[in-house]
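Worksheet: the structure to be examined is printed underneath.
Protein chains in written order, with the working numbering: chain Y, 11 to 616; chain V, 859 to 1374.
Structure representation (structure tokens):
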């Protein structure tokens, strides 16, 4: 059996076994789940070591009915999918192990791991898909795992709402994606990634642009791009390891991965590329501005994720598939690290998430602090950490292609350093704001700190030697940008850190000076530009009104007036007819009688 | 073997024999007899399924002269259009009976009517002569009327009469249409009528009949107008049963008031009788009339999908919400069916086949998922005696198994890939999309709205705070878990491996598509 199938199906088996058999045995369930993903990681490393001698396994004929429908279930093994497999199983393994500590004592411990395994299976399915329908199937399945995990603490209203919101917002994107896929199929007659590139050229450019834009809708939903970004910050209602794995490192990056996988559809269309680049740029900047005014340790990271995803999408739009994947990979390392670090802080503070109740924690949680700082520096793009290399590639790409986007991107980089500086300084430095919680704060157990260290190492070395871009495109020399440009860009995060240090690196730090300086703008970013309010209004008034009208139409127009009128007529007719009949015949019997009479009449007449 | 060549008749009439036995047997054995007979029918249906050759046409045919003076044969058979429906009926009925295992009021009459209903349903799916097809069609109506009337909820009288009047009004249109067809052609046989229609003889015969009619009555009808009237007559009868928007308003009331098993059978099978009628009667006999009115018909299907979903969104009654989801789901099936006629000619053959094949799969899938959803509503109604969504919440905490089964059924209904709902809907979209871009795009809005009302339902029932009143509710018992497990098995199995059903209907689907 091809090891790829084991990588893919082991987590599914784990999820099934836990749900059906070992639900009661919590530790066993967790170990089964961990074993499944670690097996996947080891097998992926083995594949990785084969360097170029990969064989995609024979696809299974899943849904084949003559010429009517022909859908394969296959696995694509190439550089792109192997890189993504490594990210998912590698980061995933770390987070599975971390969860052993983080979720300890939760009554839904087994359920958590079952969902996590289901997610891993679905995510790996996306990575390996060799056709659009297969990718769509797994696309929806990650949506479900995400729904289940966001709403993991389903008793909480906010968690239940957030799960629903995530699923439905994604569904809107999927609606567009499905249209795009069907439109593509109508023009080419195939869903298969291997067969499609040869047939793309025959599609008129206008249609192709539309297809690209529609397929991009799927990525807008899953990768939480503007204007469907609203679900991701709310998704932080899920347990922190989930935020790290699904809503930072892997699933939300699936949109970017999908765009890279189907780049043959997008790259030939200038229209689609422009749209993608701008949506990415807008998301990056918008999310970064919102992040400066948030107070929840996880929400700041969530907006940061949005912003970084915006970078990746922008890179795709600027035809930079390799930089996008490069940044996706490094981002998976340091963002998972940051979330796990945040989880460790939250645990230390006894489930407190407001940064303004923390402070001075670096002494209490040294490992968490050190690794969190590494993550922060990597995210801000400080040399020589991984984020520096990958972010620079994107910014320099923008500089080459589109100056406006470059300026937006550079400003976003400045903001990134600024809001991350704010978070670090407020959480780890200054004086403890909640004395009681501070006194009881403690470093997390080794099952949690070990993954932190592992991810910190990756966050440091992930970008060295441009190994990842080389792996993706071995025969192509990475575009040699002038080194000085890259280092010049270092000034940007430096400025951000300096500014935030000036404001927040003191004992009695507060947002007051920024608030005063920004005025009305602060209110806007604090309230996330009122997108949630706008959408809530639309749902309440537009969707609610349509639903109410449908109901009223059914109840009153159709039922009372239409049918009521008809019934009135019938009963009048019935009463009239009853006068003609001697017996008290029910109306239906009468009508049957009439039918029979008609039959006999005609038979006789004929 | 005793059944030999008459396996379809046995399957159909064993429940009738069981009903008779219940009549003479004691009170306590009624449920055993009912279950046993429905299991015998299930065995027959499984044998039919096992012996069914997907490549061949009509199979297991039985035919003998019945009323020779009127040229009426007793004619049974199954082909790709009906074999899946026969199987569905055989699977759902015993489960619905099990759902009422603890029926404690008038149980003899209850199980008697249920078996009568089963005979009616099998009869509709196997009959090939309109004469007894129609008898079975009405036979499905009367027991259901009493099931709602006697064992229904608070508004049962209103709901049962509404159900009855509606369906009956529809039946009359259909009866008249078929009577006229009979006078024109001299046959009630569906196979013969289909052949006549395909060869064009039907048109000539109707024209001849209209001339004769005009001579006798002096009405001055045209043949085309007359045929269109026959088409709409038949259409009305079937559209009410499906139900197609705007003929659906009987459904929310009937479903909401019916006892659990009644709702299960009503949603899973009785609605399919209407859709099946379109496949068996309307497509083969009135192809030109469908094509002429295609925009209206597609529009009504899309209205069912979208408006059905929106109406579901406005519901506060758990059962009514699920009922509206049926309107929504049957809309997909009807869209797929009408797509077959959207363009005349051999163009788009594969696309049309995909749409129609998807519609057939959707029929089966909806049978499974709607039965599960109604059963879930029934379980909670039995425990709380309320269907008001606002009174639930947090049930997942005390009833995890219930929440699990409801969740899977909900996702199956939502069309989640990996569960049964997806493949059918996808094939309908895939087929309709190239044929009619406009209606396909519009109908896909339903994808989003369906998600909204189903997830909201799940949230209101299972998540958030538990209502203190229900904190000691027991989770599902073994019998209930068994019913849920059987249905879930089909959801997963058909989601992962739908090919057997698609293969079974494929040649019949292509035959129908070939008519256009």
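Yeah, the Cβ is synthetic: ideal placement off N, Cα and C, and Gly gets one too.
- A distance of 7 Å or more separates the beta carbons of residue 957 (chain V) and residue 899 (chain V).
- Among the residues of chain V, none has a CB under 9 Å from the CB of residue 536 (chain Y); the nearest is roughly 28 Å distant.
- Close partners of residue 167 (chain Y) in chain V (Cβ separation under 7 Å): 1322.
- The C-alpha of residue 868 (chain V) lies about 8 Å from the C-alpha of residue 902 (chain V).
- Looking at Y:20, Y:235 and Y:404, the one whose alpha-carbon comes closest to that of residue 182 (chain Y) is Y:235.
- Considering only beta carbons, the part of the region 1356-1370 of chain V lying closer than 9 Å to chain Y consists of 1356, 1357, 1360, 1361, 1364, 1367 and 1368, in chain order.
- Considering only beta carbons, no part of the region 510-526 of chain Y lies closer than 9 Å to chain V.
- Taking 7 Å as the cut-off, the beta carbon of residue 340 (chain Y) is found no closer than this to the beta carbon of residue 133 (chain Y).
- No Cβ of chain Y is located within less than 7 Å of the beta carbon of residue 1220 (chain V).
- Going by beta carbons, residue 508 (chain Y) and residue 407 (chain Y) fall outside the 7 Å limit.
- Following the DSSP letters along the chain, one finds residue 532 (chain Y) inside the alpha helix (DSSP H) bounded by residues 530-536.
- Residues of the region 1281-1312 of chain V with a C-beta atom less than 7 Å from some C-beta of chain Y are 1281, 1285, 1287, 1288, 1291, 1292, 1299, 1302, 1305, 1306, 1309 and 1310, listed in chain order.
- Boundaries around residue 925 (chain V) are those of the beta strand (DSSP E), 917-925, since no alpha helix (DSSP H) includes it.
- Scanning chain V for C-beta atoms nearer than 8 Å to the C-beta of residue 181 (chain Y) yields 1305, 1306 and 1309, reported in chain order.
- Listed along chain V are 1269 and 1274, each with a C-beta nearer than 7 Å to that of residue 154 (chain Y).
- Within chain Y, no C-beta atom comes less than 9 Å from the C-beta of residue 1097 (chain V); the nearest is roughly 14 Å away.
- The beta carbon of residue 1234 (chain V) sits closer than 8 Å to those of 1260, 1263, 1264, 1267 and 1342, all from its chain and outside the five residues before and after it, given in chain order.
- Pairing residue 351 (chain Y) with residue 320 (chain Y) gives a Cβ-Cβ distance that is not under 7 Å.
- Annotated as distal: residue 413 (chain Y) and residue 369 (chain Y), with beta-carbon spacing of 7 Å or more.
- Counting the other CB atoms within 10 Å of its CB gives residue 302 (chain Y) a total of 16 or more, which places it among the buried residues.
- Segment contact: the region 1218-1237 of chain V against the region 1105-1125 of chain V, three or more CB-CB distances shorter than 8 Å; contact assigned.
- Boundaries of the alpha helix (DSSP H) harbouring residue 244 (chain Y): 241-244, taken from the DSSP string.
- For residue 93 (chain Y), the uninterrupted alpha helix (DSSP H) segment begins and ends at 89-112.
- The bridge partners DSSP lists for residue 48 (chain Y) come to none.
- By the Cβ test, the region 187-202 of chain Y is in contact with the region 213-232 of chain Y, since at least three Cβ pairs between them sit closer than 8 Å.
- Annotation for residue 1066 (chain V): the continuous alpha helix (DSSP H) segment containing it runs 1059-1075.
- Those residues of the region 1072-1090 of chain V placed with their C-beta closer than 9 Å to a C-beta in chain Y are 1074, ordered along the chain.
- Residues of chain V with a Cβ closer than 7 Å to the Cβ of residue 196 (chain Y) are, in chain order, 1291 and 1292.
- At a cut-off of 7 Å, the C-beta of residue 151 (chain Y) has a neighbouring C-beta in chain V.
- Boundaries of the beta strand (DSSP E) harbouring residue 931 (chain V): 930-936, taken from the DSSP string.
- Pairing residue 250 (chain Y) with residue 257 (chain Y), the inter-Cα distance amounts to about 10 Å.
- Of the candidates V:1354, V:1116 and V:1244, V:1354 places its Cα closest to the Cα of residue 1282 (chain V).
- In the DSSP secondary-structure assignment, residue 80 (chain Y) is bridged to Y:74.
- When DSSP reads this structure, residue 1212 (chain V) sits in no beta bridge, so it has no partner.
- The beta carbons of residue 1247 (chain V) and residue 1174 (chain V) sit closer together than 7 Å.
- At a beta-carbon threshold of 8 Å, the residues of chain V lying near residue 178 (chain Y) are 1306, 1309, 1310 and 1313, ordered along the chain.
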